[in-house]
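The structure under discussion appears below in the form of structure tokens.
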Amino acid sequence: MTEVIAVAVITLLAVISPGADFAMVVRNSCLYGRTTGLFAAAGVAAGVLVHVTYTMLGVGLLIASSAELFTAIKLAGAAYLVYVGVRTFIARADLTVDLESKPEPGPLGALRSGFLTNVLNPKTTLFVVSAFTQVVGPETPVWQQAGYGLFMSAAHLGWFGAIALFFSDSRLRAAMLRRQKALNRAIGSVLVGLGVTLGFAR
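The opening residue of the sequence shown carries number 10 in our numbering; numbering runs sequentially from there.
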């Protein structure tokens, strides 16, 4: 499995797996409409870049200082993917979203809420670290690592932008939620397989 494919698969599965970012964008879209939801999605994408920056720095230091420690974290990352895959597979189909009406945050407020939700989300931290420790090695150029990070951010923007469009329309929202159980099982199965494969890869 090439680095590019691994990054793409891990990123896409991480993005579409429901969590705090998902609930926040859904809430903004349902309560305040499409524009507010899209600004929240942009905030999530900006938050991803924070995780990418400190992960690139940390992984680089690990590779330079201790190959054994880097390998241990790599295996832990693979195990985490398996763990999340199992949890996602058995997750309930319904998603609880707080729809209590509050004053509309406005574009900057929505951007800030998306950014802070993502930056403070440990799930994103672990997914980004897992992705980088699986695919980044001593021979991976910094520009290529930065490209992976930009792809991760763009994938979050694309997915959560689509979520904002879906959940600002009541009919599309109902159709998506009806298929959540099947989506969870598909994501969970692929994550488990990916984690096992990467864990045994040299």
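Even for Gly, the Cβ is constructed at its ideal location relative to N, Cα and C.
Since this is a predicted model, take the numbers as computed values, not measurements.
Inter-residue spacing [alpha-carbon to alpha-carbon] between residue i and residue j
i, j, result
"A30", "A164", "A small fix is needed here, since residue 30 is Asp in this sequence, not Ala. Computed Cα separation, rounded: 13 Å."
"F141", "G52", "22 Å"
"G46", "E77", "44 Å"
"V95", "Y89", "10 Å"
"M161", "E148", "21 Å"
"P114", "L129", "19 Å"
"L58", "T133", "11 Å"
"Y63", "A155", "12 Å"
"L40", "T20", "28 Å"
"A23", "V201", "12 Å"
"L66", "V151", "10 Å"
"I14", "A87", "16 Å"
"Y92", "P131", "15 Å"
"L159", "R194", "28 Å"
"A81", "S139", "12 Å"
"R121", "A85", "32 Å"
"Q143", "Q153", "14 Å"
"V205", "T126", "30 Å"
"V18", "F175", "23 Å"
"R180", "G167", "20 Å"
"G8", "L117", "Not covered by the structure: residue 8. The range shown for the chain is 10 to 211."
Start and end residues, alpha helix (DSSP H) containing residue i
i, result
"D178", "From DSSP, D178 is part of no alpha helix (DSSP H); its letter is neither H nor E."
"S2", "The requested residue 2 is not part of the displayed model; the chain covers only 10 to 211."
Simplified DSSP assignment, three categories, for residue i
i, result
"E148", "coil"
"P131", "helix"
"G123", "helix"
"I14", "helix"
"S198", "helix"
"P116", "helix"
"I99", "coil"
"S162", "helix"
"S26", "coil"
Cβ-Cβ distance between residue i and residue j below 7 Å
i, j, result
"S26", "S177", "no"
"H60", "V145", "no"
"V35", "A50", "no"
"A55", "F98", "no"
"F169", "A119", "no"
"R43", "A171", "no"
"Y157", "V16", "yes"
Residue i CB to nearest heavy atom of the ligand SAM below 6 Å
i, result
"F48", "With respect to the ligand SAM, the structure offers nothing, as it holds no ligand at all."
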